[in-house]
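For reference, the structure discussed in these notes is given below.
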Amino acid sequence: MDLEHLDTLYTDLGTASKAFQEIYRSQNNPSVNEGDASYRLSALGGDLLEEGSELVEARNSLCGILTRLHTILAGPSAFLQSLTTQTHLLACVKWLGESQVISCVPLSGSVAFEELATLASVPELILSRMVRLSATAGFLREVQPGVVAHTDLSAAFSTQLSYLDATLFLSRHITPSALQLTSGCLTDETAPTGSVGNSSGSARDLIRTPSRASFDGRDSRILSRQWSAYKNSMVGVDDSASTLLQQIDWKSLGKGVVVYICATHSRSTSQALLQLSHPLAVIIQTYDAASPDILESSEVDSRLLKVQFRSPTELQPVRDAVMYVLQPGLSPSIGSGIASRELLTAELHSHLSVLQANPLAILIVAPTLLPEANSGQVDLEVQARLQDFAHILLNNESAWEVSELMKVVDEVVNMHGRLVVVDRLQSAGCATIALVVQYRLYA
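Heads up: the sequence shown begins at 1 in the UniProt record's numbering, then just goes up one per residue.
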């Protein structure tokens, strides 16, 4: 064990904890002082994702240090106990949600086990075991023997049903699929140019679990809602258009045309493009021919923004743009019918001749990228890789490692030159979110 590293982490933990508390007080109740009994640290465990970026960064920093401390201190037995605890807690919350126990517990006050068992039509013995185990993690609490009440954590699952949706999706689909994953669907033979898996069977084919049959059944809308809730509950990778567009140096482009390529377009994306790119003209190219108009004609000058349908295998028809922004998203096959990795490779080749003819033009390549290993953002990396693993299991698609993407770009060549990565775009947290690519002649 590296005791010097451990000592550094403990120091960092104290610093990060103080910084988090100061930001929390300033954004919520500046008059509260640390000695005030009404100041409850337990309240800090709520959902802070919408409280402001500064608070989110402070929380992520604190959680990242705690994760690294746990990694250093936990031996094999502690690691196994952690796996067991999380597995059993998931089973408890799933059971409590499906049996309506969570919703039967009053948001204020308490209820006896006997009465709660009658309300939910469940055995009192099983109910007591489920409540007491989940209470060890702060989910529900036994205020006195045989009487249960909500905690701030469990109450959120009653008032914000998206948390329960996410839990049910995790327990019914993600976990069973992950546990039945066979080695054959995760090979290096097709990555990174193809979708995850080999030609003889995709991840979906190689995972045999009854839960998967329901994805194509009449409950698809419920599953879609639960999948959305699960994704939103994970911090994951910020691959939003607005985050990417804000990192581009628009003033350096001067005047001309910008082409933004995406799977499906949205009103918010078009508005962000128009606001940031002025006075450049914008062309949005989408793979989804059925997408509705982005903006009403009265809202935008058609000379500044146009929308086109284009297949990723089609050569880029706009030959004189100053910049091309390629952001297909993680699952663009909805509109294109092509796996995301094959699609990105096709797009790079589709732009090769355009960039060769106009060597000053740049191509921003921005698929969903995973945080680089050992980048220091442990908590963010964990969340991003969990979300990516879910996509592998359910969609047979995965995000890109930065090194994988750079390798694919380097392999796009012709007889005169090749594509070269000349720069990176990074988020506010210093994670790479895109590669800046140009064409270079052979020396």
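Idealized CB from N, CA, C, for every residue including glycine.
Using C-beta distances below 7 Å, list every residue in its chain close to residue i, excluding the 5 sequence neighbours before and after it, in chain order.
i: E142; result: V131, R132, A135 and V148
i: M234; result: Q383, L386 and Q387
i: Q100; result: A120
i: F139; result: V93, T151, L153 and S154
i: D165; result: R225, Q226 and A229
i: F215; result: Note that F215 scores 48 on pLDDT, short of 50, meaning its location in the model is unreliable; the coordinates nonetheless yield the value given after this. Counting only Cβ-Cβ distances below 7 Å, and skipping sequence neighbours, we find L223.
i: F20; result: A58, R59 and L62
Figure out for me which residue from the options has the closest Cα to the Cα of residue i.
i: S26; options: L9, L55, A16 and T11; result: L55
i: D2; options: C63, L441 and T71; result: T71
i: residue 445; options: L244, L276, P328 and S242; result: With the chain covering only 1 through 443, there is no way to say anything about residue 445.
i: A361; options: S311, V402, V436 and P367; result: V436
i: S158; options: E98, N395 and L363; result: E98
i: Q246; options: N396, T15 and I433; result: I433
i: L223; options: G146, L394 and C63; result: L394
i: S403; options: N414, P367, A178 and I392; result: P367
i: G254; options: L96, Q81 and P279; result: P279
i: L419; options: A428, P145 and Q356; result: Q356
i: R341; options: L181, I364, A321 and E401; result: E401
Enumerate in chain order the residues of its own chain whose CB-to-CB distance from residue i is below 6 Å, with the five nearest sequence positions on each side excluded.
i: L315; result: S350
i: S277; result: W250 and V258
i: S220; result: none
Using 10 angstroms around the beta-carbon of residue i, count the other beta-carbons present and answer buried if the total reaches 16, otherwise exposed.
i: K59; result: First, the amino acid is wrong: residue 59 is Arg here, not Lys. Flag for R59 reads buried.
i: S252; result: exposed
i: Y324; result: buried
i: Q308; result: exposed
i: Y24; result: buried
i: D423; result: exposed
i: P317; result: exposed
i: Q285; result: buried
i: residue 513; result: As displayed, the chain neither begins before 1 nor continues past 443, which places residue 513 out of reach and without an answer.
i: C262; result: buried
i: V122; result: buried
i: G14; result: exposed
Closer than 8 Å by C-beta to residue i: which residues in its own chain qualify, once you throw out the five before and the five after it? Chain order, please.
i: E381; result: L370, P371, A373 and S375
i: L170; result: L90 and Y230
i: V421; result: M406, V409, D410, L435, V436 and V437
i: T313; result: I338, A346 and S350
i: L274; result: V282, V300, L304 and L305
i: T167; result: L90, V93, K94, G97 and F157
Across which residues does DSSP place residue i in a beta bridge pair?
i: C104; result: None, per the DSSP bridge assignment.
i: F309; result: T286
i: L363; result: Y324 and V437
i: V420; result: Q438
i: E142; result: V148
i: A112; result: V147
(request) Check whether the segment 90–107 touches the segment 62–79, taking contact to mean three or more Cβ pairs, one atom from each stretch, closer than 8 Å. (result) no
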